Amino acid sequence: MGRRGAGGVTLRERWLDADTVEYSVRRPRRDALARSSAGAWLLLAASLLSAGSLTGTADDGVGDPPPARLAHLGALVALFLAARACASSVVEESALVMRHVGVRLGAVRALGARDRPRFLDVGRLRSLVVSEVLTSRDVFYQLCFRHRDGDEDAGRVIVAFPKLRPNLRVLRAVYAGAHAALFDDASDDRRVLRARDGDDESDDEGSRSSPLEPPELGRGWWGEGETWRCSRRAPFDGDGFSLLEGSPGPGPASPASPAPARESVLMVSDFFLPNTGGVELHMYSLAQRLIARGHRVTVLTHAYGDRCGVRHMAGGLKVYYAFRVPVYNGATCPDIFGTFRLLRRVLIRERITLVHAHQTFSVMGHEAVFHARTMGYKCVFTDHSLFGFEDASAIHMNKLLVLTLADCNHVVCVSHTAKENTVLRSGIHPERVSVIPNAVDAARFRPSILSASLTSEEDASNERVVVAVTARLAYRKGVHLLAAVIPLACERHPELDFLIAGDGPMREHLERTRDAHGLGDRVTLLGDVPHAEVGDALRRARVFLNCSLTESFCIAALEAACCGCLVVATKVGGVPEILPPDILFLAEPNAGAVADALSRAAETVKETRARRRATTKRGGGGGGAPSDLSPASIYERVAGMYSWDDVAGRVETVYARAHATEDTALGRLARLHSGGAFAGKLFCAVAAVDHLYWRWLEWEAPAAGIEHAPEFVPDGMEEAGGGGARGRARGEGRKRTPRNG
-10 MGRRGAGGVT LRERWLDADT VEYSVRRPRR DALARSSAGA WLLLAASLLS AGSLTGTADD
50 GVGDPPPARL AHLGALVALF LAARACASSV VEESALVMRH VGVRLGAVRA LGARDRPRFL
110 DVGRLRSLVV SEVLTSRDVF YQLCFRHRDG DEDAGRVIVA FPKLRPNLRV LRAVYAGAHA
170 ALFDDASDDR RVLRARDGDD ESDDEGSRSS PLEPPELGRG WWGEGETWRC SRRAPFDGDG
230 FSLLEGSPGP GPASPASPAP ARESVLMVSD FFLPNTGGVE LHMYSLAQRL IARGHRVTVL
290 THAYGDRCGV RHMAGGLKVY YAFRVPVYNG ATCPDIFGTF RLLRRVLIRE RITLVHAHQT
350 FSVMGHEAVF HARTMGYKCV FTDHSLFGFE DASAIHMNKL LVLTLADCNH VVCVSHTAKE
410 NTVLRSGIHP ERVSVIPNAV DAARFRPSIL SASLTSEEDA SNERVVVAVT ARLAYRKGVH
470 LLAAVIPLAC ERHPELDFLI AGDGPMREHL ERTRDAHGLG DRVTLLGDVP HAEVGDALRR
530 ARVFLNCSLT ESFCIAALEA ACCGCLVVAT KVGGVPEILP PDILFLAEPN AGAVADALSR
590 AAETVKETRA RRRATTKRGG GGGGAPSDLS PASIYERVAG MYSWDDVAGR VETVYARAHA
650 TEDTALGRLA RLHSGGAFAG KLFCAVAAVD HLYWRWLEWE APAAGIEHAP EFVPDGMEEA
710 GGGGARGRAR GEGRKRTPRN G
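Residue numbering for the sequence shown follows the numbering used here, starting at -10 and increasing by one per position.
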């Protein structure tokens, strides 16, 4: 029985007897030679021969001149390498599976030579898996045997069919038969028969199309694949984007608007887990809520140490850790066109409908938006930080932001202050910028005691007031200001203790301050604390202190307030917007003002405890009054203000606005040209080259030949129809859109 895969690769299944089956993956010899480097070497040889002939003709001397001899010698070397490439081209790879014996792997070259077979003993085989492999240029699947060599416990991973790389459909058939023969009970032949007969319906389940089709062959406005159409009389916004009639406008979404279509979103940023920070946690939390609401989310970021390749996280979140090395503050080095090939593969494989980039400092985010817009995808950009206008780094980043935001369909900022900053830096029309705040996971960050009444444990430990600090110990986070505040606050309030969670280059500065003032028993430095344990540190405190010099939102303050802490923060950026004034104590960014605000917060804590103690002695109930500042009351108020589900719903509205815009190639060039007298022309030139490079990639590896990745469905979630938001979204999707399997 034969099956055809991508790229002309076919699978042949041949049963030698009841216990032995051979799986052969073949490629036509002509196709194998065309895919080898022989053609390039032959072209080089012809060029060198022509150059040598011209040089010899132009020379009047006797015999060949030295340049001609060198050209002829180079041509001979190129011919030798071409012949070697032809001889080494693989046309067939096989796996002979012997039930409860082992596997023999072999290969056949283009000229008929056979590689030395490799035998894997079933007694040393530990597992058989189909793994998704990520390189710097491609993504594909491989059938891997985990095999123990000698007494090594770790063993090695041995790849079947490493040269021909058959697609997932072929590997599924081989995996089913090989696993049944090697690891299953010998009496259970039904699995082998099912693998032999094949089940095409099961193969199609993993390549189900989403209701909102991605641009056909990657084309947007460039061809006939445009999904969204605009009438000629549709209004234009301030930046030249045309809005579809009946689409969500700049105002709030109508309550009667239809449910959002299921999206396949690619989030791109240099900053993601396992690194912890505001951007990383925002992306992860938003992705999880979008998945829970029925969407499909994929993340593209750079590798972190040994965490590279493709990983699956909770809820079915798929993460591509690309082979790029961060060079400064977690950001990678710009290479403009270097990641286009891989990005295009990911966009097509995951059937992406929208690209969502995060953070101005993210080089990968800027490049992804630029390339995705070249391919016609809709793009959204979230700016998480505030930047200045004077220093060199800010000037360069602002100019890059002009390029990116001019190309984006919609922009999101996390606070109104951040929106003003982004509009001033990029010149984008304010109507194309939405404000969607961060949120907090109220299930993880909660006080240890949710009862509003005073307990005996709290009464016994209420003599001390613990002040928590969770931040990276760097200059931007105001560590020098914190070092000046601690001695002042400890001198004014003997009951204050400081609990500092975080690490960074200025930790030594804090340690020197603590030791110089003899505060070793009142200032505790926990060092780097995993984010999963930050809540435990915050629950030990009653006041949270943030001394940042610049902050767009400060999600750490939300987490602390959700744990029942009063918040003392510097009056910078978007911090004044996040909490009500009775919970948030603001101060100018100087040591005296911060110490005064900390004193007011400490007095409020003591007054609240005294009031709760008096209420308990009178036998009164718990509270619930608006002025009650007990941890339980603060938690209830903050948890009601911020929710990731609410954030995800507002992001869905932004996605709808992005899809409701239409653009043309000339419109894009006009916006890029407005980026500056010199920069505008440079942006247009780079965009033109990017378009030509994309068309060459389409010719080299057509989108129709790139297989779609199957969708991961977590345990407990139905794959189609059924209960849950995800199941309902899948069921609705198949009713609206036919398959394109």
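We put the CB at the ideal spot given by N, CA and C, even for glycine.
Values in this document were obtained by computation on a predicted structure and should not be read as measured data.
By the criterion of at least three beta-carbon pairs nearer than 8 Å, the stretch 548 to 564 is in contact with the stretch 400 to 420.
Taking C-beta separations shorter than 6 Å and ignoring five residues to either side along the sequence, the partners of phenylalanine 542 in its chain run Val403, Ser404, Asn427 and Gly563, following chain order. With 16 or more other Cβ atoms inside 10 Å of its own Cβ, alanine 647 counts as buried.
Taking C-beta separations shorter than 7 Å and ignoring five residues to either side along the sequence, the partners of alanine 472 in its chain run His498, Leu499 and Thr502, following chain order. Between alanine 549 and alanine 457, the beta carbon gap of about 6 Å places them in contact (Cβ cut-off 8 Å). The bridge partners DSSP lists for tyrosine 12 are Glu2 and Ala84. Taking C-beta atoms under 8 Å as the contact rule, threonine 290 and glutamate 339 fail to qualify, at a distance of about 14 Å.
Membership of histidine 399 in any alpha helix (DSSP H) is not indicated; the residue belongs instead to the beta strand (DSSP E) covering 399 to 402.
The beta-bridge partner set that DSSP reports for glutamate 121 consists of Tyr130. With contacts defined by Cβ atoms closer than 8 Å, alanine 591 and valine 583 do not form a contacting pair.
At a cut-off of 4 residues, the continuous stretches assigned as alpha helix (DSSP H) that sit fully inside the stretch 631 to 699 are 633 to 648, 654 to 662 and 668 to 689.
Residue environment analysis places proline 691 among the exposed positions, since fewer than 16 neighbouring C-beta atoms fall within 10 angstroms of its C-beta.
Under the rule that a run must span 3 or more residues, the beta strand (DSSP E) segments found entirely inside the stretch 474 to 530 read 485 to 490 and 512 to 516. Of the residues assessed, cysteine 322 falls on the exposed side of the cut-off, its CB having fewer than 16 other CB atoms within 10 angstroms.
If you draw a straight line from the Cα of valine 424 to the Cα of valine 640, it comes to about 10 Å. In the three-state reduction of the DSSP assignment, aspartate 20 falls in the helix class, which pools H, G and I. Each of Arg93, Arg88, Leu5 and Val159 was checked against the Cα of arginine 15, and the nearest Cα belongs to Val159.
The count of Cβ pairs closer than 8 Å, one atom from the stretch 528 to 540 and one from the stretch 504 to 516, stays below three, leaving the stretches out of contact.
The residue among Ser274, Leu332, Val314 and Tyr293 with its C-alpha nearest the C-alpha of leucine 306 is Ser274. Nearest to glutamate 700 by alpha-carbon distance, out of Ala521, Asp652 and Arg285, is Arg285. Residue nearest to isoleucine 572 within the set Ile623, Asp173 and Val678 is Ile623 (criterion: CA-CA distance). Selection Ala490, Ser125, Arg300 and Arg414 evaluated against glycine 327 yields Ser125 as nearest (Cα-Cα). Glycine 467 sits in coil when the DSSP states are folded into three classes, being neither helix nor strand.
Per DSSP, the beta bridge partners of lysine 307 are Thr287 and His301.
Excluding the 5 residues flanking it on each side, arginine 115 has same chain C-beta neighbours closer than 8 Å at Arg135, His136, Arg137 and Gly144, in chain order. Inter-residue distance for leucine 336 and leucine 123 is about 14 Å (C-alpha atoms, whole angstroms).
Where proline 56 is concerned, the enclosing alpha helix (DSSP H) starts and stops at 55 to 77. Per DSSP, the continuous alpha helix (DSSP H) segment holding histidine 385 begins and ends at 381 to 396. With the rule of 3 Cβ pairs closer than 8 Å, the stretch 657 to 673 counts as touching the stretch 384 to 404. Valine 314 counts as exposed, since fewer than 16 other beta carbons sit within 10 angstroms of its beta carbon. Here the C-alpha atom of glutamate 540 lies approximately 7 Å from the C-alpha atom of serine 374. Valine 401 sits buried, since 16 or more C-beta atoms from the chains shown fall within 10 Å of its C-beta. Ranking Arg24, Leu43, Gly91 and Leu32 by CA distance to the CA of threonine 9 puts Gly91 first.
Distances from the CA of valine 455 to each of Ala431, Val556, Glu625 and His469 were compared; the closest alpha carbon is that of Val556. In the DSSP annotation of this structure, the continuous segment of the beta strand (DSSP E) that includes lysine 367 starts and ends at 367 to 372.
Contact between threonine 411 and aspartate 380 does not hold, since their C-beta atoms are separated by about 17 Å, which reaches or exceeds 8 Å.
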